[in-house]
Amino acid sequence: MKPKDYNLKPTFFKKKTDMKIAIIGAGNLGCSIAKGLITTNSITTLYLTRRHLDSIKEFEGYKDVTLTSDNAEAVKNSDILIFAVQPAHMEKILIDIKPLLHENHVLISTITGFSIAKMEGIVGEDQILIRAMPNTAIAVGKSMTCICSNGNGENRLKIAEAIFNKLGTSIAIPENKMQAATVICASGIAFWMRLIRATTQAAIQLGFEAKEAQELAMHTCEGAANLLITTGNHPEQEIDKVTTPKGCTIEGLNEMEHKGLSSSLIQGMVSSFNKINSIKTNQL
Ligand SMILES: NC(=O)c1ccc[n+]([C@@H]2O[C@H](COP(=O)([O-])OP(=O)(O)OC[C@H]3O[C@@H](n4cnc5c(N)ncnc54)[C@H](OP(=O)(O)O)[C@@H]3O)[C@@H](O)[C@H]2O)c1
């Protein structure tokens, strides 16, 4: 029996392989991943761990989902371990579970700034290690997730891709681009939210009610992204289609550029990148 207050609508994916997954650290991101895995029917079994289980009561009663504060129990009963704890907790957790790991365990870390070398230093190079950088849109199956692996994990990247492709889109990148990917994709959610909010504010000023204004803003944003995803076009090709000479669109666009739209976005992202590179792992 599923709890009535839990608003998940399963879509009916066929399960091809046994997916015995544990999410170690079911906080914001961990729960988002769990929701995505449940709604896409992607699990054989799912263990969710954290110290305070009260906060994840919403997952109680789901078939094949177990809530526990015992990471060891989760590790013993799962093949794929997804880590979503804060960086400061990761080292101790890896040390604690190390004796329970076998060579087929696939360890997928979403921990910002926790390098593969650091993970190898704790659990050993022989382990299959994958880093993934998703974003919070994973809760609605629309995450842009970047993944990379250690040498041993290269031929298991497909497993991570299979998981994250059910939760959005994934792309394999070299590990030295993970910090940049964090800025563009994880922080990127916040950047795009601000752009949508600003559009909403403009729409209100132009006469729309707040709710209506947000609808216009977010669906126009979705449409713009989908145009590029579907056609493969460059943004400027789509811009050319809507900018009539001497028209209102080019007038607005050029005014935005005079005020530094592209420049401020680029500078903001470069600032985020400089910041992330200056933060030590245990401060992230
Ligand atoms: N949020 C994002 O957009 C995003 C994107 C990409 C990557 N990340 C990375 O994902 C990680 C998690 O971020 P978050 O925002 O989800 O953090 P969060 O909400 O703080 O979740 C972390 C969870 O870990 C649990 N935890 C702590 N110690 C534990 C232990 N020993 N065993 C099991 N669970 C434990 C905590 O719950 P208890 O206190 O109840 O144990 C907490 O709920 C971070 O490392 C972050 O860098 C986040």
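In this text, residue positions in the sequence shown follow the working numbering: the first is 1243, and each later residue adds one.
Heads up, the beta-carbon is just placed ideally off N, CA and C, and yes, glycines get one too.
All values derive from a computational prediction rather than experimental measurement.
Rounded to whole angstroms, the separation of the alpha carbons of L1503 and H1294 is 44 Å. Unbroken alpha helix (DSSP H) stretches of 4 residues or longer found wholly inside the stretch 1382-1458: 1399-1408, 1420-1423 and 1430-1447, given in chain order.
Along the stretch 1287-1364, the beta strand (DSSP E) occurs as fully enclosed runs of 3 or more residues at 1287-1291, 1307-1310, 1322-1325 and 1348-1351, listed in sequence order. In this structure, I1364 lies away from V1348, with their beta-carbon atoms at least 7 Å apart. K1340 and D1312 have their C-alpha atoms roughly 14 Å apart. In this structure, the beta-carbon distance from T1287 to I1266 does not fall below 7 Å. At a Cβ-Cβ threshold of 7 Å, G1355 and S1385 do not count as neighbours. Take the alpha-carbon of I1471 and the one of L1342: they are about 43 Å apart.
Per DSSP, reduced to three states, the secondary structure at M1511 is helical. Counting only residues of its own chain and dropping the five nearest sequence neighbours on each side, D1368 has a CB closer than 8 Å to the CB of E1345 and N1394. Here A1414 is near L1399, since their CB atoms are less than 7 Å apart.
Distance check between A1379 and each of E1333, T1387 and I1401 places T1387 closest, using alpha-carbon atoms only. Secondary structure at K1277: helix, using DSSP grouped into helix, strand and coil. If you draw a 10 Å sphere on the C-beta of N1392, you find 16 or more other C-beta atoms in it, and that means buried. Within the model, the alpha-carbon separation for I1350 versus A1459 is close to 35 Å. The three-state secondary structure of M1261, taken from DSSP, is coil. R1436 and V1317 have their C-alpha atoms roughly 39 Å apart. Here G1272 is buried. Its C-beta has 16 or more other C-beta atoms within 10 Å. Proximity to T1424 across G1269, A1444, V1307 and S1513 peaks at S1513, based on C-alpha coordinates. At least one heavy atom of ligand 1 sits closer than 6 Å to the Cβ of A1326. Looking from the CA of T1281, the closest CA among P1487, V1382 and I1438 belongs to V1382. Remark: C-beta atoms of E1417 and I1358 approach each other more closely than 7 Å. Not a single heavy atom of ligand 1 lies less than 6 Å from the C-beta of H1347. A1428 has its Cβ nearer than 6 Å to a heavy atom of ligand 1. Taking a C-beta distance under 7 Å as the contact criterion, A1374 and I1389 qualify as a contact pair. Secondary-structure assignment with DSSP links I1266 through a beta bridge to T1291 and F1325. Rounded to the nearest whole angstrom, the CA to CA distance from T1308 to A1444 is 46 Å.
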